[in-house]
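Structure first, commentary second.
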Amino acid sequence: MNYLDYCATTPVDPRVLERFVLENQTHFANPNSQHQAGLEAKRTVDAALASIRESLVWNGEVIPVSGATEANNLAILGVARANVRNGRHVITTAFEHSSATACFQQLQKEGFEVEVVDHLVDGTVDLESLSQLLRNDTILVSVVAVQSEIGFAQPLKRLGETIHRRSKALFHTDATQALGKTELDLTEVDLASVTAHKIYGLKGVGALLVKNGVALEPQVLGGHSTSVYRAGTPTEPLIDSLAYAIRLAVREREARVKIAQDRLKLLIEGLAAIPGCVLNRTTACVPQIVNFSLPPIPAKTLQTTLSDQGILISTQSACRQDDQASLAVLRLWDNPERARSSVRVSLSHLTTAAQIEDLIRALEKAVQQ
Amino acid sequence: MRAVRIGAMWCPSCLIMRNVYDKLFKERGIAIEDVDIDLSPAAANGYQPGIILPVLILFDGEKEVLRIVGEKNKKEILKRLEGLLS
């Protein structure tokens, strides 16, 4: 199998898996139980949360959740609903993950005024447009740190500085695709969503990072657990595995990125030699995400053709239905044919040069057919 | 006149266009029926929405008189509506 879909999900790092299995055997007690085993499990959870704070240089709370979708729901709905007395104006971008966009559509139905900030040609937020949109009653701005289909990274620090200088709004970022792929500077961020399965951790665990003093309405009800903002029995082995995956992602980032950059170079060279191939890429893109089109081949057709040969890539974001054009490509390049044939290859430190060569050969063949 | 708006929860263009359509049609006393392509696929596909969302369809009785696909600005929509709502 030639797996080139690391933005959809990653294989579990054997070190993370081994630790997860061990934790299940040693700390299986409910961390909310007041007996010896429960207290020991609680200590392990606390140590894992402290580890996440240290890895991500975060002084606030870390709320364990089921993944980035839940983290985004808690951040966007939780902040808006808890801060409604300060205003009903919220701002986002046109490039968010479906879980964020869905929350903003829900807020529209609840009577919030949702505005979408303009973007520059590289996909990043137009700071001038953002400054003009910010108002006294703006309570939240949410911007995805690295866009999942095209791969452009936002300047989080500059965005946060603008938001905080011009308003009292809180700044949330969905850092799902940024963590491990690029340097993650959260100094001007108030809330951040992360998940384990994009960084070689397990599926079913993520976290919302929340700065101290942020008003947040819980979205999963049931009283105090690991956090007052999220009920449910703390999943100690999963939380511990998340902390470990984050530590590895941060510690090994530079080495991992270097390999991805080498593979990117090879891929770009190969794509450039394919007649009709168009790169859907901007100067702000991370090296691990490469979006391209082979018009008029529909994205789904190309994906299936490659999949039949054991080469696994994706169309749009994995969380969307298949028969739609890429709205992100359409928005940035205003070309429906390009949007319909847009596919995404996502690279990793696990990707080999031979896998890239294999992909290029298959693409050349697909174009000839 | 009645309007049917086909969209999806995850669709950013639907997010952008919601306020525009809500305001325009409310001002003209036309109700909008929302159909979510994921939650009600059979109903949505009955309108043959294509691959770009949102799709706004205006009906005069049972007859489709206007279809607007994707993101459009207010001026363009008003131009398309010209003559239909007078």
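Residue numbers (the working numbering), protein chains in the order written: chain V, 176 to 544; chain Y, 3 to 88. Yeah, the Cβ is synthetic: ideal placement off N, Cα and C, and Gly gets one too.
Neighbourhood of residue i by C-beta distance below 6 Å, restricted to the same chain and skipping five residues each side
i                     : result
residue 418 (chain V) : 223, 226 and 227
residue 494 (chain V) : Bear in mind that the predicted position of residue 494 (chain V) carries a pLDDT of just 43, short of 50, making it unreliable; the figure below should be weighed with that in mind. So the qualifying residues of the chain are 273.
residue 514 (chain V) : 500, 501, 504 and 505
residue 374 (chain V) : 354, 355, 420 and 424
residue 604 (chain V) : The structure shown does not extend to residue 604 (chain V), since chain V spans only 176 to 544, so no value can be given for it.
residue 30 (chain Y)  : 87
residue 230 (chain V) : 421, 422 and 425
residue 205 (chain V) : 213 and 408
residue 66 (chain Y)  : 59
Other residues of its chain near residue i: CB distance less than 8 Å, five sequence neighbours each side excluded
i                     : result
residue 80 (chain Y)  : 26
residue 184 (chain V) : 372, 373, 378 and 493
CB of residue i within 7 Å of CB of residue j, strictly
i                     : j                     : result
residue 521 (chain V) : residue 181 (chain V) : yes
residue 370 (chain V) : residue 242 (chain V) : yes
residue 442 (chain V) : residue 486 (chain V) : no
residue 541 (chain V) : residue 480 (chain V) : yes
residue 235 (chain V) : residue 394 (chain V) : no
residue 377 (chain V) : residue 416 (chain V) : yes
residue 292 (chain V) : residue 304 (chain V) : yes
residue 9 (chain Y)   : residue 56 (chain Y)  : yes
residue 431 (chain V) : residue 372 (chain V) : no
For residue j and residue i, believed in contact at Cβ under 8 Å, the rounded distance
i                     : j                     : result
residue 266 (chain V) : residue 313 (chain V) : 6 Å
residue 470 (chain V) : residue 512 (chain V) : 5 Å
residue 257 (chain V) : residue 390 (chain V) : 4 Å
residue 357 (chain V) : residue 321 (chain V) : 6 Å
residue 286 (chain V) : residue 327 (chain V) : Rounded, the Cβ-Cβ distance is 32 Å, inconsistent with contact.
residue 439 (chain V) : residue 465 (chain V) : 7 Å
residue 368 (chain V) : residue 381 (chain V) : 7 Å
residue 179 (chain V) : residue 526 (chain V) : 7 Å
residue 396 (chain V) : residue 364 (chain V) : Not a contact, Cβ separation roughly 26 Å.
residue 12 (chain Y)  : residue 250 (chain V) : Contact flag wrong, Cβ pair sits at about 17 Å.
C-beta neighbour in chain Y for residue i, strict 7 Å
i                     : result
residue 279 (chain V) : yes
residue 500 (chain V) : yes
residue 276 (chain V) : yes
residue 489 (chain V) : no
residue 269 (chain V) : yes
residue 265 (chain V) : no
residue 495 (chain V) : Only weak support exists for where residue 495 (chain V) lies, its pLDDT of 49 falling under 50; the value from the coordinates is given anyway. Chain Y contact via Cβ: present.
residue 453 (chain V) : no
residue 283 (chain V) : yes
residue 306 (chain V) : no
residue 291 (chain V) : yes
Close-in-space but distant-in-sequence residues of the same chain around residue i (CB under 7 Å, 5 per side omitted)
i                     : result
residue 333 (chain V) : 302
residue 379 (chain V) : 241, 242 and 413
Any chain V beta carbon closer than 7 Å to residue i
i                    : result
residue 59 (chain Y) : no
residue 70 (chain Y) : no
residue 53 (chain Y) : yes
| task | Name, going along the chain, the residues of the stretch 5 to 36 of chain Y whose beta-carbon falls closer than 9 Å to a beta-carbon of chain B. | result | Considering every chain present, this structure includes no chain B. Its protein chains are V and Y.
| field | Inter-stretch contact at 8 Å, needing at least 3 Cβ pairs: the stretch 4 to 21 of chain Y / the stretch 29 to 43 of chain Y | value | Taking a contact to require three or more Cβ pairs closer than 8 Å, the stretch 4 to 21 of chain Y and the stretch 29 to 43 of chain Y qualify as touching.
| said: For the stretch 60 to 74 of chain Y against the stretch 41 to 48 of chain Y, do three or more pairs of beta-carbon atoms, one drawn from each stretch, fall closer than 8 Å, so that the two count as touching? | reply: Fewer than three beta-carbon pairs drawn from the stretch 60 to 74 of chain Y and the stretch 41 to 48 of chain Y are found closer than 8 Å, and the two stretches are therefore not classed as touching.
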